[in-house]
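Written below as structure tokens is the structure these notes are about.
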Amino acid sequence: PVDRSSEIQDSRLKLPILAEEQAIMEAVNENPVVILAGETGSGKTTQVPQFLYEAGYARDSKIIGVTEPRRVAAISMSKRVAEEMNLSSSEVSYLIRFEGNATDRTCIKFMTDGVLLKEIQIDFLLSKYSIIILDEAHERSVYTDILIGLLSRIVPLRNKRSNPLKLVIMSATLRLEDFTENPRLFKTTPPVIRVESRQFPVTVHFNKRTAADYVAEAFTKACKIHTQLPEGGILIFLTGQQEVNALVRKLRRAFSFKDRKNKNRKNKRDISRNDTENMESETEDKVETGEDEMELDMQKAIQNARKAKRKHKGDVTLPYINLDNYSVIPGDDTEVDLLEEDDLGDIESDEDEDGLNLRGLAACQPMWVLPLYSLLPTNKQALVFEPPPEGSRLCVVATNVAETSLTIPNVKYVVDCGRVKTRMYDKMTGVSAFTVTWCSKAAANQRAGRAGRMGPGHCYRLYSSAMFNDQFEEFAAPEIQRKPVDDLLLQMKAMNIDKVVNFPFPSAPDLLQIKCAERRLVLLGALKEPKSKEDWTSRVTPLGYAISAFPVAPRFGKMLALSHQHGLLPYTLCMVAALSVQEVLLEVPMHGGQEETENPKQTRAHWIQTRRKWAGVGNSLFLGDPMVLIRAVGAAEFASRRGQLLQFCTDNGLRHKAVTEIRKLRLQLTNEVNLNVPDIDLCVDPNMPPPTDVQSKLLRQILLSGLPDQVAHKVDEAEIKENEDKVKWKHAYRCAEMEEPVFMHSASVLRKKSPEWVVYQEVFETNKLYMRGITAIEPEWLPIYAPALCNLS
Ligand code: ADP
Ligand code: MG
């Protein structure tokens, strides 16, 4: 029996799903797989686990498992359900990558779908669980899709052993056909239960013309709603955290609370991405290249490297990383990275107010403006559930987390920019770029639907109906068809799913994607070479198993697996943790402009100086950008033990939130390694000395071994044609498989050195292709650590 407070009980009774409890429980009891579709906010996530608990699914120490594609949902929903049921967090718990509060007494466990996938690797039949709920299946995250495929096989197996496992797939009312009309997935079509929720009509207003500056347009629209329309909450959809924060500030200023203090306005800094582009403006024009010559040059370079290797055969002065010497450390879990990677923290930027007469507006009713995005701390997110202060109007400025994951009460007006930010990958090269594109019609309609929960509502679309009709796709492509599948492929192969092409995906990734991922994994040494182009059954190598045990991307897994040599593990751990988090170092502000006053010259000089100091000299400097990160993380740990982390970050141009995240990752990775490898005894040492010169050299080898396909060679000055502008070719490199040249990013500490051979963490595209995260390597290492690259030519 569950002992709920009367207040909770009252709010539960208002949820439409409560009326369906009996129907849901009957369907679950009688069918192995049930699909539950209901509007966002109808109570699926918070209530269904409770129904199952009360029906005895957590008896006999069995667990009710709930998977979420987003970490924020796993944490906040476990908290909410524990609170509603009056149970502790050791009974209703969560587990996300590197973090959780699950215990032996846990009976309802919320986890990210990556966590469950890892558990399947350890216990294929998931014997601890009586039932699995796959939540937010409409989001179609890669791991949810794989889980559905795997569970479609696990459920009948458990049934055969008369120890049944149930599966509930929960989704917003979007495109269920991929799950239901897919005989490869489920032989008998699972029943679909629809939770009808009260939905009031929403009047959709299109703009006559599509606004290009949708943030400004959203501001104007919100002002008009607030000053001219009856009360009711406003929900504004933008694409990213930066936009959200900017609009929140603007609205707060326009409709301020009189007693609100202008605190936290000191730390103003405009570190928009444009700065990077500005810095590169000297070479902004796209470079025209003779591609054949480039190809030739790469081959020549590799030949030289081979010669160099022969010459260096006798070089035994330094130890080398032994590629056959790797540790097998069972990992725990991985998870989808759904973070918005443009997270730049709560940094203030100050733009001019436009259009409206703000003085007039300030006389209005105050507006209670709240941001909402995935990376916002849970307690701040929870504010949207609270009623706004007396006499004010609630206005939430959100990314698409508010589309389906979290429900905001009492919204009457929705303002929709119609766009969504996604990371797009080039299928062949893996080059990624964040792009803002039109969202799907389905997503736009979901957004509009948020306005009709308390009564009739209005949705203002900041685009024209022609745009909507002609440019918006019906549905967004599932993630599995959009991003590289390296990690997925290795994980699946490590689970002995050989023929990934035959796997019952709800929608299969395309064959080219799988082939490219396979090739990269072969280069990495994680998979054996397939016998032919048509061979889809390449096996995991012993190194591949070691790699797959680490809860990080395969490249990083390899670096960790090799790092127990020469005492490198603490450094690699640091490096991998730092490289897993985006935008750790703040961009050094440009000269001129208003930042001048905010960031005096000394600050800029100091940041640059600190980074140079961290980069060091010799092998340390050649280790490049990862070295700066290792040192930054080390120094941050030291500062934080003395309670000075925030100050330290501000002084040295580090993003505080990123550093906090890295510290967490580092600690958790360290704990995991310790748990599984008894004599290794690692700790997070606040006094970790920098790596020695030899260690730095070895770390460069480790990096190359993890990035064997991300090698670039400097464009030789001699081959730049007479009539060409040499400046254009400054910092230009070429990579084995990319036709266009790539440029060393201005933020790299190696930019001055411009070494001949480098490896990079990623190439991204803005006005041209840039490499980020650069390390210099020695050509004679190529045949050892990137042998396949040499075989290419
Ligand atoms: P669904 O999963 O169907 O979208 P949920 O179960 O997430 O619905 O939400 C049901 C209701 O519970 C929503 O109206 C939401 O506003 C409310 N709710 C969810 N989490 C909280 C919370 N932490 N505090 C207060 N109300 C919440
Ligand atoms: Mg939900």
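If you want UniProt numbering, it's the 1-based position in the sequence shown plus 266.
We put the beta carbon where it would ideally sit given N, CA and C, even for glycine.
Going by DSSP, what residue range makes up the alpha helix (DSSP H) through residue i?
i	result
M758	752-760
L887	885-889
R685	Premise fails: R685 lies in the beta strand (DSSP E), 685-691, not in any alpha helix (DSSP H).
H492	480-494
C782	777-790
I420	408-426
V514	507-520
R821	820-828
N295	287-296
K749	Run containing K749: none; DSSP gives neither H nor E here.
Would you say the beta carbon of residue i is closer than 7 Å to some non-hydrogen atom of the ligand MG?
i	result
D401	yes
T311	yes
Strictly by DSSP, which residues pair up with residue i?
i	result
Y1026	I1040
P637	V663
W704	R685
K432	I397
V677	G499
L851	L920
K375	G331, S359
V268	V268 pairs with nothing; no bridge assigned.
T469	H724
G366	L361
V461	G304
S437	A303
D881	The question names Asp, yet the displayed sequence has Ala at residue 881. In DSSP, A881 forms no bridge with anything.
A699	M690
Apart from the five residues on each side of it in sequence, which residues of its chain come closer than 6 Å, Cβ to Cβ, to residue i?
i	result
Q465	G718
Y726	H471, K487, V681
G884	D959
G833	none
P430	R424
E561	A caution first: E561 carries a pLDDT of 47, below 50, which makes its placement in the model too unreliable to give a value.
Between which residues of its own chain and residue i is the CB-CB distance below 8 Å, once the five residues before and five after are set aside?
i	result
I874	V854
M825	T838, M841, V842, I968, L969, S971, G972
L442	I301, A303, V458
E350	R270, I274, R278, T312, Q316
Quick one: does the C-beta of residue i sit closer than 7 Å to a heavy atom of the ligand ADP?
i	result
S308	yes
A648	yes
S342	yes
L969	no
R519	no
R337	no
G304	yes
T333	no
L281	yes
T673	yes
F472	no
residue 221	With the chain covering 267 to 1059 only, the question about residue 221 has no answer from this structure.
F651	yes
Counting only the same chain and skipping the five closest in sequence on each side, list residues whose C-beta sits under 7 Å from that of residue i.
i	result
N588	Q831
G794	It is Lys, not Gly, that sits at residue 794 in the sequence shown. Excluding residues within five positions, the ones whose Cβ falls inside 7 Å are S804, R805, T807.
K474	S730
A819	D753
D608	Its pLDDT being 32, under 50, D608 is placed unreliably in this model, and the value from its coordinates should be taken loosely. The residues are G506, Q507, Q508, F700.
C630	H492, T493, F521
Between which two residues does the beta strand (DSSP E) carrying residue i extend?
i	result
G380	Here G380 belongs to no beta strand (DSSP E); instead the alpha helix (DSSP H) covers 379-388.
G499	499-503
C725	723-727
Curious, which full-length beta strand (DSSP E) runs of at least 3 residues does the stretch 298-361 contain? 299-304, 329-334
Within the stretch 793-817, note down every full beta strand (DSSP E) run reaching 3 residues or more, in order along the chain. none
Beta strand (DSSP E) segments (min. 3 residues) lying fully within the stretch 957-1037: Those beta strand (DSSP E) runs which fall completely within the stretch 957-1037 and span 3+ residues are 977-980, 998-1001, 1008-1010, 1023-1031.
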